[in-house]
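>
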Amino acid sequence: GQNIDQPTEMTATEGAIVQINCTYQTSGFNGLFWYQQHAGEAPTFLSYNVLDGLEEKGRFSSFLSRSKGYSYLLLKELQMKDSASYLCAPTNDYKLSFGAGTTVTVRA
Amino acid sequence: DAGITQSPRHKVTETGTPVTLRCHQTENHRYMYWYRQDPGHGLRLIHYSYGVKDTDKGEVSDGYSVSRSKTEDFLLTLESATSSQTSVYFCAIRGREGVGLADNEQFFGPGTRLTVL
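Top line first, the protein sequences correspond to chains A and B. Per my numbering, numbering of the first sequence is gapless, rising by one per residue and ending at 104. Per my numbering, numbering of the second sequence is gapless, rising by one per residue and ending at 129.
(1) Between His41 of chain B and Tyr68 of chain A, what straight-line distance do the alpha-carbon atoms span, to the nearest angstrom?
(2) If we cut at 8 Å on Cβ distances, does Ala80 of chain A have a partner in chain B?
(3) Is the region 50 to 57 of chain B close to the region 83 to 94 of chain B, with three or more CB pairs under 8 Å?
(4) Does DSSP put Asp66 of chain B in a helix, in a strand, or in coil?
(5) Can Leu74 of chain A and Phe56 of chain A be called in contact, C-beta distance under 8 Å?
(6) Step through the CB atoms of chain B and report whether any lies within less than 8 Å of the CB of Leu92 of chain A.
(7) Relative to the C-alpha of Thr127 of chain B, which candidate in B:Thr27, B:Thr38, B:Gly15 has its C-alpha closest?
(8) Which one of A:Pro39, A:Ala35, A:Thr40, A:Tyr44 has the shortest CA to CA distance from Leu28 of chain A?
(9) Report yes if the CB atom of Gln18 of chain B is closer than 8 Å to the CB atom of Thr124 of chain B, and no otherwise.
(10) Suppose you measure from the CA of Leu76 of chain A to the CA of Phe120 of chain B; what does that come to, to the nearest Å?
(11) Would you identify the three-state DSSP class for Gln18 of chain B, choosing helix, strand or coil?
(12) Using a Cβ-Cβ cut-off of 8 Å, state whether Thr87 of chain A counts as contacting chain B.
(13) How about Met44 of chain B and Arg80 of chain B: do their beta carbons lie closer than 8 Å?
(14) Would you mind reading off the limits of the beta strand (DSSP E) that contains Pro86 of chain A?
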């Protein structure tokens, strides 16, 4: 079975940093995706980690520890447009399993 | 995005009626997926397809059937809709040509909001 845990909600101030943690237990693992989903829209790709370590892409970074079943998404220099849900999704090749998502609210 | 479309985008129907949702892709991808998304549950896989006439069940397949008679179309059918099937349905394809994406990445359609009264 699949067990994916991430916090339900987080609030932060514009310009700040927020870290969204995700722990997972899945049958089979190839890598882990993070998706962003604005209200009423489809999820869109943010990052993909296959190997342990940190992947940086602009204001967003994602970290993976395969041995610990742990990942985090780091959002820096928060902007109002970053208010959205962030979905953690481990993959076993052709199937993704999604966490319930973390709703991030950015306040001025 | 023109690569993947869903129809209808919104539908209201009554309990007990059959409903078919369509997912159409223009980029010849082998894998296609149907998910439902409900508050507190995230995205849950209903069915997926790995080729024409090749489909398999996901974690919440009861009450749903699918068909894929050609590469570009993946249909999701609710044989007899129930109120518990009120949800937002997303179709996805695996990978996307020419954008340098991860091999396993899934790209989502715009979604269909279905209400069963």
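Ideal Cβ placement from N, Cα and C applies to all residues, glycine included.
Put simply:
(1) For this step, residue 41 of chain B is matched to residue 29 along the second sequence. For this step, residue 68 of chain A is matched to residue 72 along the first sequence. Approximately 30 Å between the Cα atoms of the pair.
(2) As a working mapping, residue 80 of chain A is identified with position 84 in the first sequence. False, the Cβ-Cβ gap to chain B never drops below 8 Å.
(3) no
(4) Within the second sequence, residue 66 of chain B is the residue found at index 54, counting from 1. DSSP places Asp66 of chain B in strand when its eight states are reduced to three.
(5) Walking along the first sequence from the start, residue 74 of chain A turns up at place 78. Walking along the first sequence from the start, residue 56 of chain A turns up at place 60. No, they are not a contact pair.
(6) Residue numbering aside, residue 92 of chain A sits at position 96 when the first sequence is read from its first letter. Closer than 8 Å to some Cβ of chain B, the Cβ of Leu92 of chain A qualifies, so yes.
(7) In the second sequence, residue 127 of chain B corresponds to position 115, counting from 1. It is B:Thr27 whose Cα lies nearest to the Cα of Thr127 of chain B.
(8) Against the first sequence, residue 28 of chain A aligns to sequence position 32. The residue with the shortest Cα to Cα distance from Leu28 of chain A is A:Tyr44.
(9) What you label residue 18 of chain B is simply residue 6 of the second sequence in a count that begins at 1. What you label residue 124 of chain B is simply residue 112 of the second sequence in a count that begins at 1. Yes; because the gap between Cβ atoms is below 8 Å, this pair is in contact.
(10) Translated into the one-based positions of the first sequence, residue 76 of chain A becomes position 80. Translated into the one-based positions of the second sequence, residue 120 of chain B becomes position 108. The question names Leu, yet the displayed sequence has Met at residue 76 of chain A. For Met76 of chain A and Phe120 of chain B, the distance between alpha carbons rounds to 24 Å.
(11) Within the second sequence, residue 18 of chain B is the residue found at index 6, counting from 1. Reduced to three states, the DSSP call for Gln18 of chain B is strand.
(12) What you label residue 87 of chain A is simply residue 91 of the first sequence in a count that begins at 1. Taking Cβ atoms only, chain B reaches closer than 8 Å to Thr87 of chain A, which makes this a yes.
(13) The residue you call residue 44 of chain B lines up with position 32 of the second sequence. The residue you call residue 80 of chain B lines up with position 68 of the second sequence. Yes, they are a contact pair.
(14) Translated into the one-based positions of the first sequence, residue 86 of chain A becomes position 90. Its beta strand (DSSP E) spans residues 80 to 87.
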